[in-house]
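Under our numbering, residue 122 is the last one in the sequence shown; the count climbs by one each step, no gaps.
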Amino acid sequence: MYDLRTTWTVGLRDLAGVPIYRQDAIDAVNKILRSYCIDAYTVVDCAGYWRGAPEEALQVSVLSVAEYVTNDSELPDDSWAAEAAGCLAKALNQECVLVELAQIQGRLVYP
Numbered sequence: 012m013y014d015l016r017t018t019w020t021v022g023l024r025d026l027a028g029v030p031i032y033r034q035d036a037i038d039a040v041n042k043i044l045r046s047y048c049i050d051a052y053t054v055v056d057c058a059g060y061w062r063g064a065p066e067e068a069l070q071v072s073v074l075s076v077a078e079y080v081t082n083d084s085e086l087p088d089d090s091w092a093a094e095a096a097g098c099l100a101k102a103l104n105q106e107c108v109l110v111e112l113a114q115i116q117g118r119l120v121y122p
């Protein structure tokens, strides 16, 4: 089974170079993803470079599992991913947010 993993990388400094608190960024991510009916995602702390300068960043990943995505789902394709990135960029006062889409073979495993 092939599923879609969407990952956003967002820096933890705003356009003026002011640090963004990690929890404030996660709260913004949560609000935006919930607006797309997404309530499960992974957040990973990372380091990135923007315009040659290092900055702390977050990577946020969502797995759209094919067996649970139906024709009337809120996630029928990947067009929402760029829209959500724009919302993140605006909410966190970013110049841009990196969006990665990857078709992966994966599954959720339950006890």
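Quick reminder that beta carbons are idealized off the backbone N, C-alpha and C, glycines included.
Within 9 Å, strictly: CB atoms of residue i and residue j
| i | j | result |
| --- | --- | --- |
| R118 | D14 | yes |
| V40 | V55 | no |
| A95 | C107 | no |
| L74 | R16 | yes |
Close-in-space but distant-in-sequence residues of the same chain around residue i (CB under 8 Å, 5 per side omitted)
| i | result |
| --- | --- |
| Q126 | Here the chain comprises residues numbered 12 to 122, so residue 126 is not present and cannot be evaluated. |
| E66 | G22, L23, R24, A58, G59, Y60 |
| K42 | A102 |
Best match in the options for proximity to residue i [C-alpha to C-alpha]
| i | options | result |
| --- | --- | --- |
| L69 | Y121, S75, T53, R62 | T53 |
| L44 | A92, G63, L103 | A92 |
| A64 | V120, G28, L112 | G28 |
| S72 | E111, I31, K42 | E111 |
Contacting residues, own chain, Cβ-Cβ under 6 Å from residue i (five flanking each side not counted)
| i | result |
| --- | --- |
| V102 | Per the sequence shown, residue 102 should be read as Ala rather than Val. So the qualifying residues of the chain are A39. |
Contacting residues, own chain, Cβ-Cβ under 7 Å from residue i (five flanking each side not counted)
| i | result |
| --- | --- |
| E85 | With a pLDDT of 46 at E85, under the threshold of 50, the modelled position of this residue cannot be trusted, and the question is left open. |
| P30 | L23, R24 |
Residue environment, residue i, which counts as buried when at least 16 other CB atoms sit within 10 Å
| i | result |
| --- | --- |
| A113 | exposed |
| V120 | exposed |
| I115 | exposed |
| P122 | exposed |
Complete beta strand (DSSP E) runs within the stretch 12 to 76 (minimum length 3 residues, chain order): 13 to 22, 53 to 61, 64 to 75
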